[in-house]
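A quick write-up on the structure given underneath.
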DNA sequence: AATGAGCGTTGCACATCCCGCAACGCCCAC
DNA sequence: GTGGGCGTTGCGGGATGTGCAACGCTCATT
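Residue numbers (the numbering used here), protein chains in the order written: chain F, 1 to 253; chain R, 1001 to 1253.
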């Protein structure tokens, strides 16, 4: 809509492919050299482009700094919340959002079930890391050495007969979760409670959070809960898109 | 230099701090709302800003994509080469550049000594990973679990009496290197050859490459070689600045 | 050593394109 | 139902970006 800005911004993807000199920029923009020069100068003043020794232009440090700062100031919780509400609205069950931090997985948001059944979870509380669906999702994305290190240091409390028994079983489960892109906890923490979860990913594809839907057997069976999987994954993907700033938000999908 | 572009670009750091609506952007820019709208629209078309559900503006995915693409297309070797030449010019010794890749450290560039002494290295050849200065620098920057994993899997060949004997000693050495920001190899690979090295860092502070200066005892003693440390570190820092696109290249320092 | 080509840079006059204004429509809150 | 706030639109005046041509520099060539 604004010609000048439009032209200036068109330079960025051009330079992302590799360094270019003034002539090349002007030609590929379809403008006079002097015009390209002024645009490049302005971009340069803002640190978005950098001039290297041979006078060619590259993308500058400011771009990285901006991207990083933006990521740091992004609040998953704030962005995810409306989606969690919608998911709760449609399923009626308890919805959790959790993140991984220094060896722990903690709940950072929760929308209570409409059914009058209490669940033993609290925002800020560390998750039962060896069995919870959200924990599996978050740990499954860690780089392999760290994943092994964490798995080796954990205790594996036998909450129920279905709890993860040891590190080997846990790592195997994480590999499955990593491959399929979703996770469950079928009575692994409390005998009568099942969960289905999916990961929220940032712009770089790394898992930044995980959400899950939990329901007790007395309300829905595990099979019935699993039919919500598309719903859960769809919500997680929608949050991922919104979080990473991608277009095509196309409703709640 | 270009008012319109200047204003448009000023929006980016503003949004990096967090989402803002049209009115806020206009106010903090000191322009009329309609002007801010047109600028934001242009930024939006290029994907640099993203409009979230509540109509507020955030930085968009394109920014992250650009930063990532730029990093991928950056060639450390190309950028570092002139600096390596200059360092060789000033010291007269052999200069190496190496990177870490999937458990190995390999030389990716080399400028031969002016003295008629051959060294057993080749571009593309894996480095003696347990003793070389560049290897220590690169491994010292790995995340702790991966560092331990790599150290545990290595062989520790006794090239000389001064070679690193085992994983424990190696990890201790890496901790020292990590803390001091430079590394040496004093006769650890070949009895009569010493090296001093320093790390090249990317925009995020991670070590992306390492360079070293090597010289045999018959030319300079280890003590004399160590006097080149400021020179070596200065060169590495200059490459880091250039590589990460930071301003103030101020000569070769 | 001289010469020319290529590139970045500058000043300028034209007219294009951006700016701010004011008015409209919409949504939400009261 | 009604008012205020916010995003949006069309428009004329004029500031601002544009392309041209000329300059100076560096580097490669003869």
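Backbone N, C-alpha and C fix where the C-beta goes; we use that ideal spot for every residue, glycine too.
Small disclaimer: the values here were computed from a predicted structure and weren't measured.
From the options, residue whose alpha carbon lies closest to that of residue i
{"i": "residue 235/F", "options": "175/F, 129/F, 96/F", "result": "96/F"}
{"i": "residue 130/F", "options": "110/F, 174/F, 92/F, 102/F", "result": "174/F"}
{"i": "residue 152/F", "options": "161/F, 69/F, 165/F", "result": "165/F"}
{"i": "residue 55/F", "options": "46/F, 20/F, 33/F", "result": "20/F"}
{"i": "residue 75/F", "options": "231/F, 99/F, 214/F, 223/F", "result": "99/F"}
{"i": "residue 1037/R", "options": "1022/R, 1018/R, 1139/R", "result": "1022/R"}
{"i": "residue 190/F", "options": "113/F, 217/F, 208/F, 224/F", "result": "217/F"}
{"i": "residue 13/F", "options": "32/F, 221/F, 60/F, 41/F", "result": "60/F"}
{"i": "residue 1089/R", "options": "1077/R, 1112/R, 1132/R, 1068/R", "result": "1112/R"}
{"i": "residue 1047/R", "options": "1027/R, 1206/R, 1064/R, 1078/R", "result": "1064/R"}
{"i": "residue 204/F", "options": "2/F, 215/F, 245/F, 29/F", "result": "245/F"}
{"i": "residue 194/F", "options": "215/F, 200/F, 70/F", "result": "215/F"}
{"i": "residue 1243/R", "options": "1147/R, 1001/R, 1210/R, 1219/R", "result": "1210/R"}
{"i": "residue 219/F", "options": "6/F, 34/F, 94/F", "result": "94/F"}
{"i": "residue 222/F", "options": "180/F, 171/F, 192/F, 144/F", "result": "192/F"}
{"i": "residue 1201/R", "options": "1172/R, 1233/R, 1146/R", "result": "1233/R"}
{"i": "residue 18/F", "options": "1068/R, 1144/R, 1171/R, 1170/R", "result": "1068/R"}
{"i": "residue 84/F", "options": "180/F, 145/F, 108/F", "result": "108/F"}
{"i": "residue 77/F", "options": "101/F, 32/F, 62/F, 110/F", "result": "110/F"}
{"i": "residue 276/F", "options": "33/F, 101/F, 73/F", "result": "Residue 276/F lies beyond the stretch modelled for chain F, which goes from 1 to 253, so this question has no answer here."}
{"i": "residue 70/F", "options": "1073/R, 1071/R, 1062/R", "result": "1062/R"}
For residue i, the first and last residue of its enclosing alpha helix (DSSP H)
{"i": "residue 79/F", "result": "76-91"}
{"i": "residue 1044/R", "result": "1033-1045"}
{"i": "residue 1006/R", "result": "1003-1016"}
{"i": "residue 254/F", "result": "The shown model of chain F, from 1 to 253, leaves out residue 254/F, and the question about it has no answer."}
{"i": "residue 1027/R", "result": "1022-1029"}
{"i": "residue 1237/R", "result": "1229-1244"}
{"i": "residue 1101/R", "result": "Segment 1094-1101 is the beta strand (DSSP E) holding residue 1101/R; no alpha helix (DSSP H) there."}
{"i": "residue 190/F", "result": "Careful: residue 190/F lies outside any alpha helix (DSSP H) and carries neither H nor E."}
{"i": "residue 1146/R", "result": "1144-1153"}
{"i": "residue 71/F", "result": "61-72"}
{"i": "residue 1172/R", "result": "1167-1180"}
{"i": "residue 222/F", "result": "222-226"}
Cut-off 7 Å between Cβ atoms - residues of its own chain near residue i, not counting five sequence neighbours on either side
{"i": "residue 256/F", "result": "Residue 256/F lies beyond the range of chain F shown here (1 to 253); nothing can be said about it."}
{"i": "residue 91/F", "result": "213, 228, 231"}
{"i": "residue 106/F", "result": "98, 99, 124, 125, 126, 127"}
{"i": "residue 51/F", "result": "44, 57"}
{"i": "residue 33/F", "result": "22, 23, 26"}
Cut-off 6 Å between Cβ atoms - residues of its own chain near residue i, not counting five sequence neighbours on either side
{"i": "residue 187/F", "result": "160, 162"}
{"i": "residue 80/F", "result": "97, 239"}
{"i": "residue 267/F", "result": "What the structure shows of chain F is the stretch from 1 to 253, and residue 267/F is not part of that stretch, so it cannot be assessed."}
{"i": "residue 1183/R", "result": "1133, 1136, 1137, 1177, 1197"}
{"i": "residue 1252/R", "result": "Only weak support exists for where residue 1252/R lies, its pLDDT of 38 falling under 50; the value from the coordinates is given anyway. Closer than 6 Å at Cβ, skipping near neighbours: 1086, 1238."}
{"i": "residue 148/F", "result": "none"}
{"i": "residue 1171/R", "result": "1151"}
Contacts around residue i, its chain only, beta-carbon distance under 8 Å, and the 5 residues preceding and following it disregarded
{"i": "residue 150/F", "result": "103, 139, 142"}
{"i": "residue 40/F", "result": "11, 22, 25, 49, 57"}
{"i": "residue 1001/R", "result": "none"}
{"i": "residue 250/F", "result": "Only weak support is given to the placement of residue 250/F: the predicted model assigns it a pLDDT of 45, under 50, and the value that follows is read from those uncertain coordinates. Around residue 250/F: no qualifying Cβ."}
{"i": "residue 1181/R", "result": "1198, 1199, 1233"}
{"i": "residue 1028/R", "result": "1014, 1020"}
Expected contact under 8 Å - CB spacing of residue i and residue j to nearest Å
{"i": "residue 1066/R", "j": "residue 16/F", "result": "5 Å"}
{"i": "residue 1053/R", "j": "residue 82/F", "result": "7 Å"}
{"i": "residue 4/F", "j": "residue 1004/R", "result": "4 Å"}
{"i": "residue 1146/R", "j": "residue 199/F", "result": "Contact doesn't hold; Cβ gap of about 22 Å is too wide."}
Limits of the beta strand (DSSP E) - the one that residue i falls within
{"i": "residue 196/F", "result": "193-201"}
{"i": "residue 216/F", "result": "207-216"}
{"i": "residue 1111/R", "result": "1104-1111"}
{"i": "residue 162/F", "result": "Taken as a continuous stretch (DSSP letters only), residue 162/F belongs to no beta strand (DSSP E), as it is neither H nor E."}
{"i": "residue 51/F", "result": "49-51"}
Residue i Cβ short of 7 Å to the ligand PLP heavy atom set
{"i": "residue 1127/R", "result": "The ligand PLP is not among the ligands present in this structure, which contains no ligands whatsoever."}
Worksheet entry | Residues of the region 200-213 of chain F with Cβ closer than 9 Å to any Cβ of chain R, in chain order | When CB distances to chain R are screened at a threshold of 9 Å, the residues of the region 200-213 of chain F falling below it are 202, 203, 204, in chain order.
Item to complete: Please list the residues of the region 4-21 of chain F that have a C-beta atom closer than 8 Å to any C-beta atom in chain R, keeping them in chain order.
Response: For the region 4-21 of chain F, which is checked against every Cβ of chain R, the residues closer than 8 Å are 4, 5, 6, 8, 9, 10, 12, 13, 15, 16, 17, 18.
Item to complete: Pull out every residue of the region 126-157 of chain F whose Cβ sits closer than 7 Å to any Cβ of chain R, in chain order.
Response: Against chain R - using a Cβ distance shorter than 7 Å - the residues of the region 126-157 of chain F are 143, 145, 146, 149.
Discussion item. At a CB distance below 8 Å, what residues from the region 1230-1246 of chain R approach chain F? Give them in sequence order.
Written reply: Going along the region 1230-1246 of chain R in chain order, one finds 1242, 1244, 1245, 1246 with a Cβ nearer than 8 Å to chain F.
Discussion item. Output needed in chain order: residues of the region 49-62 of chain F with a Cβ under 7 Å from some Cβ in chain R.
Written reply: Against chain R - using a Cβ distance shorter than 7 Å - the residues of the region 49-62 of chain F are 50, 52, 53, 58, 59, 60, 61.
Discussion item. To be precise: take each residue of the region 1081-1094 of chain R, compare its Cβ to all Cβ atoms of chain F, and keep it if any distance is under 8 Å. Which residues remain?
Written reply: Those residues of the region 1081-1094 of chain R that come within reach of chain F (Cβ to Cβ, closer than 8 Å) are 1082.
Item to complete: Return the residues of the region 20-47 of chain F that lie within a Cβ-Cβ distance of less than 8 Å from chain R, sorted by chain order.
Response: Cβ contacts with chain R: 38, 39, 41, 42, 43, 45, 46, 47.
Worksheet item: Going along the region 156-185 of chain F in order, which residues come within less than 7 Å of chain R, judged by CB to CB distance?
Response: Close to chain R, meaning a Cβ-Cβ distance shorter than 7 Å, is no residue of the region 156-185 of chain F at all.
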